[in-house]
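**Q**
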Amino acid sequence: MDLKEKVIAEIKKIYDPEIPVNIYELGLIYDISIKDKDVSVKMTLTSPNCPVAESLPKEVKDSILEIEEVKKVDLDLVWEPPWDKSMMTEAAKLELNL
552 MDLKEKVIAE
562 IKKIYDPEIP
572 VNIYELGLIY
582 DISIKDKDVS
592 VKMTLTSPNC
602 PVAESLPKEV
612 KDSILEIEEV
622 KKVDLDLVWE
632 PPWDKSMMTE
642 AAKLELNL
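Residues in the sequence shown are numbered from 552 upward in steps of one, following the numbering used here.
#1: Give me, in chain order, the residues of the same chain whose beta-carbon lies closer than 8 Å to that of M594; leave out the 5 immediate sequence neighbours on both sides.
#2: Shortest alpha-carbon distance to M552 belongs to which of D635, I565 and E620?
#3: Quick check on L649: buried or exposed, where buried means 16 or more other Cβ atoms within 10 Å of its Cβ?
#4: Quick check: the Cα distance between M638 and K622, rounded to an integer number of angstroms?
#5: Expressed to the nearest angstrom, what Euclidean distance is found between the alpha-carbon atoms of P599 and D587?
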């Protein structure tokens, strides 16, 4: 498994507390880029008023840092484009009966 796959696997362990689907399948992760052992992640939340706006990005960053090969994680919380249900994977939509 390459490093990007490991990062995705870690992110898939994190669930939105209000929706029973992991944040990767929800489409909250916009971009993952890796240079050497440094990981950059662009992510969003379902809304700017999300109750986990402070804790969820930290949880993502800390989770990625637990991967042995990772030296540094830069996490950028973005609001453009705004998240909507169309960004969810088919698996997430099935899970939520959408």
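Here a beta-carbon is modelled for each residue, glycine too, at the ideal position from N, C-alpha and C. All of these numbers come straight from a predicted model, not from anything done at the bench.
**A** This is what the structure gives:
#1: Correct list, in chain order: I574, L579, I580, Y581, P608, V611, L626, D627, L628 and V629.
#2: Between M552 and the set D635, I565 and E620, the nearest pair of CA atoms involves E620.
#3: Classified as exposed, L649 has fewer than 16 neighbouring CB atoms from the shown chains inside 10 Å of its CB.
#4: Looking at the two C-alpha atoms, the distance is approximately 29 Å.
#5: A direct Cα-Cα distance of roughly 32 Å separates P599 from D587.
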